[in-house]
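Visitor:
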Amino acid sequence: MARLTIPYEEYMRSGHAACPGCGATLAMRYLLKGIGRDAIVSIPACCWTVIGTPFPTTVLNVGMMDSAFEATGASISGLRAAADALKLEGVTIVGFAGDGGTVDIGLQALSGMLERRTDAIYVMYDNEAYMNTGVQRSGSTPRGARTSTTPITEFSRGKVERKKDIMAIVAAHEPAYAATVNVAFPEEFVKKVQKAKGIHGPRFFHALAPCPPGWGYSPEKSIEIGRLATDTNAFPLYEIEDGKYRITRKLGRAKPIEEYLKAQGRFGHLRPDEVASIQEEVDARWKRLLQLEALD
Amino acid sequence: MPVQVISGNYAQAYAAKLARVQVISAYPITPQTTIVEKLADFVASGELQAEYIKVESEHSAMQVCISAAGMGARTYTASSSQGLLLMHELLHWASGIRAPIVMGVANRAIAPPLSIWTDHSDTIAQRDTGWIQYYAESNQEVLDTALMAFRLAEHEDVRLPAMIAEDAFYLSHTVEPVDVPSQEEADAFLPPRKARDIVRPGEATRLGSYIGPDLYMEFRYKVARAMERVPATMAAVEHEYERITGRNHGGPLPLYRADDADAVLVTMGTATTTARSVVDALRARGEKVGLAKLRVFRPLPVHELRELARTVDRIGVLDRSYTGGLVGAAYSEVAGAMYHARERPMLQNFIAGLGGRDITPPMVEQMYRRLIGAGGSEVEWIGLKERKEVA
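Okay, structure coming up:
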């Protein structure tokens, strides 16, 4: 008999304002299941500003603080400082920001928070574009993807540049803990959050959050596509604890990236040579991850 | 009460210490820096129990203060010039979220060309952010005003952030004797913050939120109403401060020899001291001139300005900033306030002292001469160099 390892308690009520099949919504739900009631969540301008529902309602059963788009790292330093100054025991401070709000406009504040060793958890939910404003490319959009600012025409083949490796940037700050998580693997997601909760210092999660309208697939396929992201090595699951890398899901043989790409409209234009080029990039990144894991 | 010989920046730091601030966050910029250095000393020596978050930008400094205030902490920061401009977006967040942050500002010019010297353009550019703005004339006033600002900002009827501006170097780095209240006096004046409408752990609370056209306007109206309540609350706070320390800086628009004056000059910051000496000199020669110190710029003391318009025929406004408009910002504000006065005075705008140029007694006298002579253009730049002097 399988044992349910995901806590039963819900800290997100029904009635949220997300699109059907939204990965970002699941990311919040699993995150709070792992942390519990005493979380205070700081949210910048992003999909979650809206998902959280307009005043005077809120969809979370925990404290929630809105902040400026680029300031999540600073906001959680402020919340931590207040919790310490006011001697509030047992509070877990969480920043919950999108990919644009993290790897682009919020990178400085994130770096500052990591360098200051703020005792807080920063979660970047990655839907791989500026989804709240209508699918514009971000630094976290993968190469080849069609977005509203990287269209497909005779002269334009989607995003030209590679996805920014936020985990490498975070790792360079030597955080207390960093991990990738994927809403398609909820048990692992919650387990890593629970582990992080018990660690002090700056902690970071890179959470893959598939986005049906932005990626171009029907809402019921979010989990399927999320699983493909990991099982093709497009989004490997791993953690970094005290500088030590550990891959937390390793298949004997990864599925070809084509399976992941062809399931999404944003990659529908890719030619075989372009798919092959992306496969090379995925393989190179996976190889590098294996090398990092092998380091003592 | 101990009198100490300290700079305006140290006066800011002493006020924050006496206020027992709980969270400080700051980023260095000249000429503000010695405020936050002094606070770092206070925290490091254990004289002040506070969380001190040293951030990577002014933008983050303000966000730290906003989020900490949003959980109920008493917060303080300081900045100048470009740093204050970088904060601009977040200044709106602070007032919109009703965070009673207190900030010291050493007024400094804006680049380019880069200049570290006195100029009010940095704080004037923040006039539309929903902050209470004080402009101090002396280091004593800096300390007293900063301490009063905490009580005003946190007051139940107000709950708005406040900045205390001091002229770069003239105050920030110039030492003066300052009567520093004892901690007991400060505690008697300023009790711990009673926070409401904050984010609490374990409760479904949200600060900030988003909203449609159905309610946004009402949020702004609440801020406007809070601003309207500032004058009465400020008067009560100043009265209470006087009761404890014996000092009162005369409300938002203290007047000097203005009762029977034919011409009055409106000044902000340290130019006031110079202008006061010019008033005395001109009075000694039988010229009926006076002075009005615009000590509070936000909210603008509309009532006091209209009263002044009732009794004085010629009013000059000295702007120590340039804001890109046809006229100076303080001038247009004063003119706007006086438009509905029963008797409208003749108004003239003087722009002087930008980028740290000294505003000298002869320059001020020139302004009074223009006012008395009732000639010249509406806006006049005073103290400009001739072309041959620049070349």
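Chains as they are written, first to last, in the numbering used here: chain E, 6 to 301; chain G, 3 to 393. Glycine included, C-beta positions come from ideal geometry on N, C-alpha and C. The model shown is predicted, which means the values in this text are computed figures rather than measured ones.
Which chain G residues are close to Leu-91 (chain E), counting only those with a beta carbon under 8 Å from its beta carbon?
Guide: Gln-24, Met-73, Gly-74 and Ala-75
Visitor: Using a Cβ-Cβ distance under 8 Å, would Pro-59 (chain E) count as near chain G?
Guide: yes
Visitor: Please state whether the Cβ-Cβ distance between Gly-318 (chain G) and Leu-255 (chain G) is less than 8 Å.
Guide: no
Visitor: Any heavy atom of the ligand SAM closer than 7 Å to the CB of Leu-50 (chain G)?
Guide: Only the bare structure without any ligand can be found here, which leaves the ligand SAM out of the picture.
Visitor: Just how far apart, CA to CA, sit Gly-221 (chain E) and Glu-133 (chain E)?
Guide: Straight through space, the alpha carbons of Glu-133 (chain E) and Gly-221 (chain E) are spaced by roughly 12 Å.
Visitor: Could you list which residues in chain G have their beta carbon closer than 7 Å to that of Thr-47 (chain E), in chain order?
Guide: First, the amino acid is wrong: residue 47 (chain E) is Ser here, not Thr. Going along chain G in sequence order, the residues near Ser-47 (chain E) (Cβ under 7 Å) are Ser-69.
Visitor: At a Cβ threshold of 8 Å, is Gln-199 (chain E) touching chain G?
Guide: no
Visitor: For Thr-152 (chain E), decide whether its Cβ has a neighbour in chain G, counting only Cβ atoms nearer than 8 Å.
Guide: no
Visitor: Gly-253 (chain G) and Ala-273 (chain G): beta carbons closer than 8 Å?
Guide: The answer is no: Cβ separation not under 8 Å.
Visitor: Please confirm if Gly-210 (chain G) has its CB atom under 8 Å from at least one CB of chain E.
Guide: Among the residues facing chain E, Gly-210 (chain G) is included, as its CB has a counterpart in that chain under 8 Å away.
Visitor: Taking one C-beta from the region 81-92 of chain G and one from the region 139-151 of chain G each time, how about it: are there three or more such pairs within less than 8 Å?
Guide: no
Visitor: At a CB distance below 8 Å, what residues from the region 62-75 of chain E approach chain G? Give them in sequence order.
Guide: Thr-63, Leu-65, Asn-66, Val-67, Gly-68, Met-69, Met-70, Asp-71, Ser-72, Ala-73 and Glu-75
Visitor: Indicate the three-state DSSP secondary structure (helix, strand or coil) for Asn-11 (chain G) in the structure shown.
Guide: helix
Visitor: Compare the C-beta of Ile-55 (chain G) with all C-beta atoms of chain E and state if any pair is closer than 8 Å.
Guide: yes
Visitor: Identify whether Ala-383 (chain G) lies in helix, strand or coil by the three-state DSSP scheme.
Guide: According to the sequence displayed, residue 383 (chain G) carries Trp and not Ala. The DSSP-derived three-state label of Trp-383 (chain G) is strand.
Visitor: Listed in chain order, which residues of the region 117-142 of chain E have Cβ atoms closer than 9 Å to some Cβ of chain G?
Guide: Gly-117, Met-118, Glu-120, Arg-121 and Thr-123
Visitor: In whole angstroms, give me the CA-to-CA distance for Glu-289 (chain G) and Ala-260 (chain G).
Guide: 12 Å
Visitor: Cα-Cα, which of G:Thr-77, G:Leu-320, G:Thr-120 and G:Glu-156 is closest to Gln-368 (chain G)?
Guide: The residue from G:Thr-77, G:Leu-320, G:Thr-120 and G:Glu-156 with its alpha-carbon nearest to that of Gln-368 (chain G) is G:Leu-320.
Visitor: Any chance the region 14-28 of chain G sits against the region 286-298 of chain E, with 3 or more Cβ pairs inside 8 Å?
Guide: In the pairwise beta carbon analysis, the region 14-28 of chain G is classified as not touching the region 286-298 of chain E: fewer than three pairs are separated by under 8 Å.
Visitor: For His-90 (chain G) and Thr-10 (chain E), what's the separation of their Cα atoms in angstroms?
Guide: 46 Å
Visitor: From what residue to what residue does the alpha helix (DSSP H) around Gly-375 (chain G) run?
Guide: 363-375
Visitor: In or out: Asp-199 (chain G) buried (at least 16 other Cβ within 10 Å) or exposed?
Guide: exposed
Visitor: Helix, strand or coil for Tyr-178 (chain G), going by three-state DSSP, please let me know.
Guide: It is Glu, not Tyr, that sits at residue 178 (chain G) in the sequence shown. It is a strand residue.
Visitor: Enumerate in chain order the residues of its own chain whose CB-to-CB distance from Ala-70 (chain G) is below 6 Å, with the five nearest sequence positions on each side excluded.
Guide: Around Ala-70 (chain G): Val-25 and Thr-77.
Visitor: Of all the CB atoms in chain G, is at least one closer than 8 Å to the CB of Thr-155 (chain E)?
Guide: no
Visitor: Please state the DSSP three-state secondary structure of Asn-141 (chain G).
Guide: helix
Visitor: Could you say which of G:Tyr-172, G:Thr-176, G:Gly-132 and G:Val-180 lies nearest to Tyr-223 (chain G) if we only look at CA atoms?
Guide: Here the closest residue by C-alpha is G:Gly-132.
Visitor: To the nearest angstrom, how far is the alpha carbon of Arg-129 (chain G) from that of Lys-295 (chain G)?
Guide: 18 Å
Visitor: Mind checking if Pro-163 (chain G) is an interface residue toward chain E, Cβ cutoff 8 Å exclusive?
Guide: no
Visitor: Relative to chain G, which residues along the region 22-43 of chain E have a C-beta separation below 8 Å, given in chain order?
Guide: Arg-42 and Asp-43
Visitor: Strictly under 8 Å for the Cβ-Cβ distance: is Thr-107 (chain E) near chain G by that measure?
Guide: no
Visitor: Report the neighbours of Gly-253 (chain G) on chain E: residues whose CB is nearer than 9 Å to its CB, in chain order.
Guide: Neighbours of Gly-253 (chain G) on chain E: none; closest Cβ ~33 Å, over 9 Å.
Visitor: Give the straight-line distance between the Cα atoms of Tyr-243 (chain G) and Gly-292 (chain G), rounded to the nearest whole angstrom.
Guide: 27 Å
Visitor: Residues in its own chain within less than 7 Å of Val-160 (chain G) by CB, not counting five upstream and five downstream?
Guide: Leu-154, Ala-228, Arg-231, Val-232 and Thr-235, listed in sequence order.
Visitor: Taking Lys-255 (chain E) as part of the beta strand (DSSP E), name the residues at either end of that continuous run.
Guide: Segment: none, Lys-255 (chain E) is in no beta strand (DSSP E) and carries neither H nor E.
Visitor: Which chain E residues sit within Cβ distance under 8 Å of Val-66 (chain G)?
Guide: Ala-79, Ser-80, Ser-82, Gly-83 and Ala-86
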